[in-house]
């Protein structure tokens with residue numbers, strides 16, 4: 159389980175303020191957009207063995223992903239099973255799948271948007287005796303076990319292909335979809351897995367294509383890594399990824415807004431405000447950044463923040479952005495605190 163996020167100390171916010179003050183001016187939007195589109199490549203999926211896995215099995219997994227999803231795929235060097243020793247449950251004689259995911263997060267390929275490990279060890283999740291595989295939608299990592307599907311040389315390739323597509327689908331943002339014709343359906347038994355489809359339904363395919371296009375945006379990989387470190391309370395590592403994007407990708411208002419939102423969701427309000435102020439200064443018509451900035455001021459709730467929150471929410475309203483929701487936030491800010499009730503946000 160992910161740890162609770164501590165409140166912001168403000169130190170990182172000061173660092174970001176100083177850094178943003180010396181960032182070069184944003185390039186012309188048209189030129190920047192053209193350059194950004196030209197630099198996009200399909201997101202990279204990396205397949206690695208955890209323990210001794212036949213190279214042909216790993217190549218099969220990669221080929222399956224390439225055949226069905228609009229991504230790149232590469233097989234990389236395996237991890238020794240010894241590296242997962244802290245996840246081994248001696249009483250159960252199984253690997254804790256969540257522990258394996260944490261190992262992948264700590265040691266994933268620098269250029270991989272998605273990384274999936276394949277192991278011959280049996281794996282389990284809390285409250286479940288075993289699982290075929292497990293993925294993290296937020297960290298974009300996954301693990302698949304061969305332990306319960308490797309009993310038939312003829313059926314193994316199809317079973318593995320379905321599991322890999324299912325878990326990589328999760329890592330690319332798809333949720334379970336209980337549609338009989340979709341590989342994202344839940345198949346808890348080998349018999350069910352053998353009757354499962356080996357591709358996405360039309361709805362999930364459209365969603366995945368949109369997701370793959372968005373995830374190919376330069377800087378997205380760094381944003382994912384920053385989010386993962388923020389959830390784990392590793393602010394300094396998150397800051398390093400933000401700095402890397404700031405200097406390498408130039409001014410991308412949507413990407414920087416997403417970084418600001420990531421810090422906001424982790425309750426690092428000072429840092430979020432520093433980033434979002436920079437976005438709206440460079441791009442005053444970025445309505446979503448105004449909304450996020452207004453909400454960050456509202457949640458921080460220092461003296462003067464209420465007025466600043468109202469100012470940015472009103473600017474978003476003038477830009478015709480999410481009128482009903484923004485108007486609701488404005489009404490809440492204008493309502494006297496005594497009338498908001500004990501559970502209201504400040």
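Numbering (my numbering), first residue to last: 159 to 504. Built from N, CA and C at the ideal position, the CB exists for glycine as well.
When the Cα atoms are used, what is the spatial distance from residue i to residue j?
i           : j           : result
residue 485 : residue 415 : 21 Å
residue 398 : residue 311 : 46 Å
residue 230 : residue 251 : 35 Å
residue 336 : residue 348 : 17 Å
residue 483 : residue 346 : 40 Å
residue 440 : residue 413 : 13 Å
residue 410 : residue 435 : 14 Å
residue 266 : residue 242 : 14 Å
residue 214 : residue 341 : 23 Å
residue 360 : residue 200 : 20 Å
residue 444 : residue 286 : 46 Å
residue 490 : residue 373 : 35 Å
residue 293 : residue 385 : 16 Å
residue 408 : residue 269 : 19 Å
residue 232 : residue 300 : 15 Å
residue 460 : residue 469 : 15 Å
residue 282 : residue 421 : 32 Å
residue 186 : residue 442 : Here the model assigns residue 186 a pLDDT of 42, short of 50, so the residue's position is not dependable and the matter cannot be decided.
residue 276 : residue 331 : 20 Å
Would you mind stating whether residue i and residue j have Cβ atoms separated by less than 8 Å?
i           : j           : result
residue 217 : residue 237 : no
residue 259 : residue 239 : no
residue 325 : residue 274 : yes
residue 102 : residue 329 : Residue coverage of the chain in this structure runs from 159 to 504, which leaves residue 102 outside it and unanswerable.
residue 449 : residue 474 : yes
residue 467 : residue 481 : no
residue 272 : residue 322 : no
Tell me where the beta strand (DSSP E) around residue i begins and ends.
i           : result
residue 231 : 230–233
residue 286 : 286–289
residue 283 : 281–283
residue 383 : Careful: residue 383 lies outside any beta strand (DSSP E), inside the alpha helix (DSSP H) at 378–389.
When every heavy atom of the ligand SAM is checked, does at least one fall within less than 7 Å of the C-beta of residue i?
i           : result
residue 405 : The ligand SAM is absent from the structure shown, which contains no ligands of any kind.
Tell me the residue span of the alpha helix (DSSP H) that contains residue i.
i           : result
residue 260 : 255–264
residue 434 : 427–440
residue 341 : From DSSP, residue 341 is part of no alpha helix (DSSP H); its letter is neither H nor E.
Answer with buried or exposed for residue i, where buried requires no fewer than 16 other C-beta atoms within 10 angstroms of its C-beta.
i           : result
residue 320 : buried
residue 453 : buried
residue 339 : exposed
residue 487 : buried
Open item on the list: For the stretch 382–394 against the stretch 342–356, do three or more pairs of beta-carbon atoms, one drawn from each stretch, fall closer than 8 Å, so that the two count as touching?
Closed with: Output reads no: the stretch 342–356 does not touch the stretch 382–394.
Task: Stretch pair the stretch 370–382 + the stretch 400–414: three plus CB contacts closer than 8 Å - done: With the cut-off at 8 Å, the stretch 370–382 and the stretch 400–414 touch.
Task: Meets three-Cβ-pair contact criterion under 8 Å: the stretch 301–315 and the stretch 360–373 - done: The stretch 301–315, when compared against the stretch 360–373, does not touch it at the 8 Å Cβ threshold.
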